[in-house]
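Quick note on the working numbering: the sequence shown kicks off at 1 and runs consecutively.
Cβ atoms here follow ideal geometry from the backbone N, Cα and C, with glycine treated the same way.
See below for the structure under consideration.
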Amino acid sequence: MKITDFLIMDANGNKIDADAHGNNVAFCCFTCRHPIVAVSLENQRGSDEQHPASCKGCGVRYFLDVRPRAEKLYIHPDPPMPDTSF
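Structural data, given as structure tokens:
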């Protein structure tokens with residue numbers, strides 16, 4: 001699924017700095033700020049809870065929640081963090 005120009009938010013609905021292009025989104029780890037790339041295609045890294053994208057800096061896992069009709073994308077840490085806003 002193409003996610004270019006989608007509004008990208010954390011699990012709490014706060015807008016985050018991220019770069020979405022095509023099926024990919026690049027963002028910084030909410031914990032250590034290491035760069036992460038996730039893919040919105042089925043069964044790809046970060047596409048869902050069964051296929052998380054892992055931070056190579058601290059090991060936190062993330063998955064995408066894409067809302068195509070609203071053109072929004074939520075990035076969820078797994079397990080959830082108490083507060084992911086900066």
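For aspartate 10, the secondary structure class from DSSP, reduced to helix, strand or coil, is strand. As computed with DSSP, phenylalanine 30 is found in no beta bridge at all. Check the Cα spacing between serine 47 and each of Ser54, Cys32, Phe63: the tightest is with Phe63. A straight line joining the alpha-carbon of serine 40 with that of asparagine 24 spans about 6 angstroms. Under the three-state reduction of DSSP, alanine 20 is assigned to strand.
For the 8 angstroms CB-CB criterion, leucine 73 and phenylalanine 6 form a contact.
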